[in-house]
Amino acid sequence: MSKPDRLRGAGRSALLRPAALVLPLLVLPLLCAGYAHASNLDVPPAPPAAPESRLVRELLEVDAQRALDAERRIRQDALRTANIPAHGAPPSTTPVKKASPPAPKEAPIPRLMGIAGVGAHLSAIVESNGREVIYRSGTAAPVAGRDPGLRLLRIASPCAYFLDAHDRSLAICVNGVNK
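For what it's worth, my numbering labels the leading residue of the sequence shown as 252, then goes sequentially.
Structural data, given as structure tokens:
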């Protein structure tokens, strides 16, 4: 390389040297700012500010007070319609009568569900106390099911004739007519 070429190259590099020193000084802060901004992307954003707990508590208290007032009004209306004083009557000095035990109920009348068979070999299907019982002609006691206390006398379509536990005659018919 000739001397004038070297001087020309030297002049250029002399001009570039200060720019090369200044450029990193300008770029370095920009890089740091960009890195700091990029590092914030990993952190989730903060949730919005929650309402003050005092406000929530006040709303709950108002709601509870309204519910109590409504219940009081309902109770007062019920007491007024029943003509009962709000604070209750003073206790009476008369003795309270004890309720007598209820009279024993008679067993419900059994229902004849159907008659099946041919000729003299008939069966009566009776529902008694929610259970089915089967009687066969010629046999007084049931042949299947729990004994309801009835004894078969005869089967004559559409009825079956029984004796109950008190020896009363009872006719139960398919059409619901009981004699």
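Heads up, the beta-carbon is just placed ideally off N, CA and C, and yes, glycines get one too.
Check: Limits of the unbroken beta strand (DSSP E) element including A375; Outcome: H372 to S379
Check: Within 8 Å, strictly: CB atoms of L373 and S388; Outcome: yes
Check: Backbone secondary structure at L403 - three-state DSSP; Outcome: strand
Check: Residue closest to A392, alpha-carbon to alpha-carbon, out of R382, L404 and V425; Outcome: L404
Check: Integer Cβ distance of I406 from V377, believed to fall under 8 Å; Outcome: The pair is not a contact, with the Cβ atoms about 11 Å apart (cut-off 8 Å).
Check: Three-state secondary structure (DSSP) of I325; Outcome: helix
Check: Inter-residue spacing [alpha-carbon to alpha-carbon] between L330 and L319; Outcome: 16 Å
Check: Bridge partners - G396, DSSP secondary structure assignment; Outcome: Beta-bridge pairing links G396 to no other residue.
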